[in-house]
Amino acid sequence: MVVVGSGPGGLQLSYSLGRAGVPHAVISADPSPGGMFRKWPFFQRLLSWTKPYAPEARGTRYYERYDWNSLIGEEDRLRALQPGLMDGSSYFPARAEMEQNLATFAREGGVAVRYGCRWTGTRRDGDAFVLETSDGEYRCRVPVFAFGISQPWKPDIPGMDAVPHYADTRAPETYAGKRILIIGKEVSAFELANGFLPWAKQIVLASPRPVALSVVTRSLVGVRARYVQPYEDHVLGGGVVLVNASIDGVDRTPSGFRVRTSRSDGGGALIFEVDDVIATTGFTPPLGDLPELGVPVAGRERIPSQTAMFESIGVPNLYFAGTATRGAPGLKKHGLPSSSGAVHGHRYNARILARHIAQKYFGVDPARPVLKADEVLSYVLREVTRAPELWHQKSYLSRTILIDPVRGIIDDGILPLQLFVDSGGTDGVAAAVEANPAGELYPAIYVRRNNVVTEHLLPSNPLLDFETAEHRKQLADALKPLGL
Amino acid sequence: MATARSDLTETLAGIALFADVGAAELQSIAHIVEERRYAEGERIIRQGISGSAFYIILEGEAAIRVSGKDYGTLGRGEFFGEISALLGEPPIADIVALHILRCAIVAGPDLEGFMLAHPTVLYRMLKAEARKLQKATSWRT
Chain A
1046 MVVVGSGPGG LQLSYSLGRA GVPHAVISAD PSPGGMFRKW PFFQRLLSWT KPYAPEARGT
1106 RYYERYDWNS LIGEEDRLRA LQPGLMDGSS YFPARAEMEQ NLATFAREGG VAVRYGCRWT
1166 GTRRDGDAFV LETSDGEYRC RVPVFAFGIS QPWKPDIPGM DAVPHYADTR APETYAGKRI
1226 LIIGKEVSAF ELANGFLPWA KQIVLASPRP VALSVVTRSL VGVRARYVQP YEDHVLGGGV
1286 VLVNASIDGV DRTPSGFRVR TSRSDGGGAL IFEVDDVIAT TGFTPPLGDL PELGVPVAGR
1346 ERIPSQTAMF ESIGVPNLYF AGTATRGAPG LKKHGLPSSS GAVHGHRYNA RILARHIAQK
1406 YFGVDPARPV LKADEVLSYV LREVTRAPEL WHQKSYLSRT ILIDPVRGII DDGILPLQLF
1466 VDSGGTDGVA AAVEANPAGE LYPAIYVRRN NVVTEHLLPS NPLLDFETAE HRKQLADALK
1526 PLGL
Chain B
8 MATARSDLTE TLAGIALFAD VGAAELQSIA HIVEERRYAE GERIIRQGIS GSAFYIILEG
68 EAAIRVSGKD YGTLGRGEFF GEISALLGEP PIADIVALHI LRCAIVAGPD LEGFMLAHPT
128 VLYRMLKAEA RKLQKATSWR T
């Protein structure tokens, strides 16, 4: 099999495949590991935190809940690499610290990558895939694309060709004293606006959709708290302008740009004369010829649509890893997305995919320990209280326990919740952590009996401690039909 | 630099629910809704499982399934999930993709705001609901 990409998704997958004993090649067009973190964020500090000091001991599995940036190694020397590389000035690692974290994992974890090898085309040859590259052809039964959502994308609006993308942003001091219009109101728009506050004369953010703030949506949807300052400037009348308008066109003028807009909240046309325009209109996966191969995509970002196990819904045996696994949205309860667009989410997806590939294509069965009946309640409650996979991938990953007629009670590991809920099979239970629109966080227990799944939402707790007597009682009631 | 245009706005323009919506408003709706494709056989909403959303079928067909038994199909332009989302209760049926299915989605918590912001869409929804109600009660006359 072949993995395309050497960002965090490709590195985690390759490492986990290696641990499972699956032979594979990794190719990457880049000269070194790190993917998009080799270049971005533009203002050089991440949005994902790592707490060097946390309620759980550094290096343990439970500590991963507080460290969003390290990849997941099984050897002690590979665990919790990120906090050891930070200088204490922020709990958001600097971009260079993240790059070092990933490079260290690749080196110490023995992840072998053919760098400078660009994937250029894909074709079928019987049951096999042939990946054409700048360094010859790779033939495989299973390709996995971990190419990130890394290709700058701009909408097809008149005059947009002349507008620089986020990826082309110049050094901030070159915007000193300028009027800047940023097309977009998502995280990257606010990252730039925040960085331009000490430089720009005026900043306008324009896009059809009103701004959403993560602290209001209570999720990773919207502008993250770190970049909210331009919003505060706006609401206090400090000079930053937010406009809900569709962009009709951009014209060059002798001194800069004229941006023609129509307000989407019914206010009519608005024209802006500015010195600079930047399109923070996002990125798209570098799909190459995959759509022609039959890979369906969805949304403005054209992310490949995937099954719960990260396989293309149109091309069997073709998989995705890394941020592209956003194309497997799962149950998305109450509209809350997975964290698969960030390292702390997709690192677990990659580990699950490695297990699946090892099992399905290479006959390597995962370790599935047997549990004693009287351990189950305590084990499930400990997992929903402390398991990093469940906290980082809410309503998305679950601890799955099956009642095997031969072996007894089996810990089937961390798996996509959707698989358990939507697939028939052995009786069992899947435990997840969930959130509702009111912002409550609580355990959700799914019991499968005779191929019918029932949902049991347990209460929240102010200290997020779900190992209470009340939780134990309600879980016991939920599991009673299984004889547990 | 990719400048491929998303065709979602154009697709929405061809759906009856959005027939009375102007161009700028439609573009705004295209930014608000999520677009998703489902695999053949995949469940979109699940009987008895909370937290679902409002779905409009853009391409494909889906089965209405209750406790394993099919009660009809839904096709392009039809919508589902609104009753569950409005009442805040789990759906009473599964909706299952019969082949690859493309939907536009409004998350449950956003549905009220969506309907109030786009009254012409709300009016079209109400007409469709009225037709469903008329069909369901036609035995009385």
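Here the protein sequences come in this chain order: A and B.
Residue numbers for the first sequence follow this note's numbering, so the first one is 1046 and each next one is one higher.
Residue numbers for the second sequence follow this note's numbering, so the first one is 8 and each next one is one higher.
For glycine and all other residues, C-beta sits at the position ideal for the given N, C-alpha and C.
Predicted model, so just to flag it, every value in this text is computed and none were measured.
Task: One or two residues paired with I1072 of chain A in a DSSP bridge - done: Position 27 of the first sequence, counted from the first residue, corresponds to residue 1072 of chain A. The partner list for I1072 of chain A (beta bridge, DSSP) reads A:V1049, A:R1159.
Open item on the list: Does the CB of Q141 of chain B have a neighbour CB from chain A at under 9 Å?
Closed with: As a first step, residue 141 of chain B is located in the second sequence; it is residue number 134 there, counting from the start. Residue-level contact by beta carbon fails for Q141 of chain B and chain A, as no gap is shorter than 9 Å.
Task: CA-to-CA distance, M1081 of chain A to T10 of chain B, given in whole angstroms - done: Against the second sequence, residue 10 of chain B aligns to sequence position 3. Against the first sequence, residue 1081 of chain A aligns to sequence position 36. Low confidence applies here, because T10 of chain B scores a pLDDT of 38, under 50, leaving its location unreliable; read the following figure in that light. Answer to the nearest angstrom: the Cα atoms are 20 Å apart.
Task: Y1393 of chain A beta carbon less than 9 Å from that of S1443 of chain A - done: Counting from one through the first sequence, the residue named residue 1443 of chain A turns up at place 398. Counting from one through the first sequence, the residue named residue 1393 of chain A turns up at place 348. Against a cut-off of 9 Å, the Cβ pair of Y1393 of chain A and S1443 of chain A comes out as no contact.
Open item on the list: Going by DSSP, what residue range makes up the beta strand (DSSP E) through W1164 of chain A?
Closed with: Within the first sequence, residue 1164 of chain A is the residue found at index 119, counting from 1. In the DSSP annotation of this structure, the continuous segment of the beta strand (DSSP E) that includes W1164 of chain A starts and ends at 1164-1170.
- [ ] Identify the contact partners of R44 of chain B in chain A, using a Cβ-Cβ distance below 7 Å as the criterion.
- [x] Along the second sequence, read from residue 1 onward, the residue named residue 44 of chain B stands at position 37. Those within 7 Å of R44 of chain B in chain A are P1341, A1343, S1350, I1358.
Open item on the list: Buried or exposed, going by whether 16 or more other CB atoms sit within 10 Å of the CB of L1447 of chain A?
Closed with: Mapped onto the first sequence, residue 1447 of chain A falls at position 402. For L1447 of chain A, the number of other beta carbons within 10 angstroms of its own is at least 16, and it is reported as buried.
Open item on the list: Could you check whether L1462 of chain A and Y1487 of chain A sit closer than 9 Å to each other, using their CB atoms as the reference points?
Closed with: Start at 1 with the first residue of the first sequence, and residue 1487 of chain A comes out as number 442. Start at 1 with the first residue of the first sequence, and residue 1462 of chain A comes out as number 417. Not closer than 9 Å, so no.
- [ ] Whole angstroms is fine: what's the gap from S35 of chain B's alpha carbon to G1327 of chain A's?
- [x] The residue given as residue 35 of chain B occupies position 28 in the second sequence. The residue given as residue 1327 of chain A occupies position 282 in the first sequence. Cα to Cα, the separation comes out at about 17 Å.
Open item on the list: Alpha carbons only, please: which of A:G1193, A:V1156, A:G1129 is nearest the one belonging to F1365 of chain A?
Closed with: By one-based count along the first sequence, residue 1365 of chain A stands at place 320. Considering only A:G1193, A:V1156, A:G1129, the residue with the shortest C-alpha distance to F1365 of chain A is A:G1193.
Task: G1166 of chain A versus E1177 of chain A: straight-line alpha-carbon distance, rounded - done: Within the first sequence, residue 1166 of chain A is the residue found at index 121, counting from 1. Within the first sequence, residue 1177 of chain A is the residue found at index 132, counting from 1. Approximately 5 Å, taken between the alpha carbons.
Open item on the list: So the candidates are A:G1473, A:A1314, A:R1090, A:F1174; which of them puts its Cα closest to the Cα of L1335 of chain A?
Closed with: Here the question's residue 1335 of chain A lines up with position 290 in the first sequence. Comparing Cα positions, the closest option is A:F1174.
Open item on the list: Pop quiz: V113 of chain B and F61 of chain B are said to be a contact at Cβ under 8 Å. What is the actual Cβ separation, rounded to whole angstroms?
Closed with: The count along the second sequence starts at 1 and reaches residue 113 of chain B at position 106. The count along the second sequence starts at 1 and reaches residue 61 of chain B at position 54. That belief holds up - the Cβ atoms of V113 of chain B and F61 of chain B are roughly 4 Å apart, short of 8 Å.
TODO: Report yes or no: is there a C-beta of chain B within less than 9 Å of the C-beta of N1506 of chain A?
DONE: Here residue 1506 of chain A refers to the residue found at position 461 of the first sequence. Not one chain B Cβ lies under 9 Å of N1506 of chain A.
- [ ] Please compile the residues from chain B whose C-beta is within a distance smaller than 7 Å of the C-beta of G1380 of chain A.
- [x] Translated into positions along the first sequence, residue 1380 of chain A becomes position 335. Result: A60, A114, G115, P116, D117.
TODO: List the residues of chain B that D1467 of chain A touches, going by C-beta distances under 8 Å, in chain order.
DONE: Indexing the first sequence from 1 puts residue 1467 of chain A at position 422. Contacts between D1467 of chain A and chain B, judged by CB atoms closer than 8 Å, involve E49, R50, R53 in chain order.
- [ ] Look at the alpha carbon of D1121 of chain A and the alpha carbon of Y1098 of chain A, and state the distance between them as a whole number of angstroms.
- [x] Here residue 1121 of chain A is taken as the residue at index 76 of the first sequence, counted from 1. Here residue 1098 of chain A is taken as the residue at index 53 of the first sequence, counted from 1. CA-CA distance, D1121 of chain A to Y1098 of chain A, rounds to 18 Å.
- [ ] Measure from the C-beta of K1084 of chain A to each C-beta in chain B and report whether the shortest distance is under 9 Å.
- [x] The residue you call residue 1084 of chain A lines up with position 39 of the first sequence. No, K1084 of chain A lies away from the interface with chain B (no Cβ there is under 9 Å from its Cβ).
Open item on the list: Tell me the DSSP secondary structure of T10 of chain B in three-state form.
Closed with: Reading the second sequence from its first residue, position 3 is the one you call residue 10 of chain B. Unreliable positioning characterises T10 of chain B in this predicted model, as indicated by a pLDDT of 38, which lies under 50. The coordinate reading is nonetheless provided below. In the structure shown, T10 of chain B adopts coil according to DSSP, grouped into three states.
Open item on the list: Any beta carbon from chain A within less than 9 Å of P98 of chain B's own beta carbon?
Closed with: Counting from 1 along the second sequence, the entry for residue 98 of chain B is found at position 91. The beta carbon of P98 of chain B sits no closer than 9 Å to any beta carbon of chain A.
Open item on the list: Let's see if you can read the secondary structure: which residues bound the beta strand (DSSP E) around G1453 of chain A?
Closed with: In the first sequence, counting from the first residue as 1, residue 1453 of chain A sits at position 408. First-last of the beta strand (DSSP E) with G1453 of chain A: 1453-1461.
- [ ] Using a Cβ-Cβ cut-off of 9 Å, state whether R109 of chain B counts as contacting chain A.
- [x] Position 102 of the second sequence holds residue 109 of chain B. R109 of chain B belongs to the set of residues whose beta carbon lies under 9 Å from a beta carbon in chain A.
Open item on the list: With a threshold of 9 Å between beta carbons, is E89 of chain B in contact with chain A?
Closed with: Translated into positions along the second sequence, residue 89 of chain B becomes position 82. Chain A contact via Cβ: absent.
- [ ] Please report the Cβ distance between P1197 of chain A and A1212 of chain A, rounded to the nearest whole angstrom; I am assuming they are in contact, meaning their Cβ atoms lie under 8 Å.
- [x] Sequence index remark: in the first sequence, residue 1197 of chain A carries index 152 (1-based). Sequence index remark: in the first sequence, residue 1212 of chain A carries index 167 (1-based). Approximately 4 Å separates the beta-carbon atoms of P1197 of chain A and A1212 of chain A; this is inside 8 Å, confirming the contact.
Open item on the list: Please report the straight-line C-alpha distance between T16 of chain B and I1323 of chain A, rounded to a whole angstrom.
Closed with: Along the second sequence, read from residue 1 onward, the residue named residue 16 of chain B stands at position 9. Along the first sequence, read from residue 1 onward, the residue named residue 1323 of chain A stands at position 278. C-alpha separation (whole angstroms): 23 Å.
Task: Straight-line Cα distance separating V1388 of chain A from D1321 of chain A - done: Residue numbering aside, residue 1321 of chain A sits at position 276 when the first sequence is read from its first letter. Residue numbering aside, residue 1388 of chain A sits at position 343 when the first sequence is read from its first letter. Linking D1321 of chain A to V1388 of chain A through their CA atoms gives a straight-line distance of about 33 Å.
Task: G1313 of chain A burial status per 10 Å Cβ neighbour count (16 or more: buried) - done: Against the first sequence, residue 1313 of chain A aligns to sequence position 268. Classification of G1313 of chain A: exposed, given that the 10 Å Cβ count is below 16.
Task: Runs of beta strand (DSSP E) wholly within the segment 99-139 of chain B (minimum 3 residues, chain order) - done: Listed in chain order, the complete beta strand (DSSP E) runs (minimum 3 residues) inside the segment 99-139 of chain B are 101-104, 108-113.
Open item on the list: With H, G and I counted as helix, E and B as strand and the rest as coil, what does DSSP make of K1518 of chain A?
Closed with: Residue numbering aside, residue 1518 of chain A sits at position 473 when the first sequence is read from its first letter. Note: K1518 of chain A maps to helix in three-state DSSP.
Task: Touching by the beta-carbon criterion (3+ pairs, under 8 Å), the segment 1102-1119 of chain A and the segment 1371-1388 of chain A - done: Two segments are said to touch when three or more pairs of C-beta atoms, one from each, lie closer than 8 Å; by this definition the segment 1102-1119 of chain A touches the segment 1371-1388 of chain A.
Open item on the list: Within 9 Å of any Cβ in chain B, is that where the Cβ of S1443 of chain A sits?
Closed with: Taking the first sequence and counting its residues from 1, the one referred to as residue 1443 of chain A is at position 398. Closer than 9 Å: no.
Task: Alpha-carbon to alpha-carbon, G1484 of chain A and A1139 of chain A - done: Working through the first sequence from its first residue, we reach residue 1139 of chain A at position 94. Working through the first sequence from its first residue, we reach residue 1484 of chain A at position 439. Taking the straight line joining both Cα atoms gives about 30 Å.
Task: Beta-bridge partners of T1298 of chain A, as assigned by DSSP - done: Your numbering for residue 1298 of chain A matches position 253 in the first sequence. According to DSSP, T1298 of chain A shares a beta bridge with A:G1301.
Open item on the list: Whole angstroms are fine: how far does the CA of S145 of chain B sit from the CA of N1481 of chain A?
Closed with: Position 436 of the first sequence, counted from the start, is the residue given in the question as residue 1481 of chain A. Position 138 of the second sequence, counted from the start, is the residue given in the question as residue 145 of chain B. Spanning the two alpha carbons is a distance of roughly 39 Å.
Open item on the list: Quick check on DSSP: helix, strand or coil for L1502 of chain A?
Closed with: Working through the first sequence from its first residue, we reach residue 1502 of chain A at position 457. In the structure shown, L1502 of chain A sits in a strand (DSSP, three-state: E or B).
Open item on the list: So, at 7 Å on beta carbons, what are the nonlocal neighbours of G1294 of chain A in its own chain, with the 5 sequence-adjacent residues on each side left out?
Closed with: Numbered from 1 along the first sequence, position 249 holds the residue referred to as residue 1294 of chain A. Taken in chain order, the residues that qualify are I1202, P1203, G1204, R1305.
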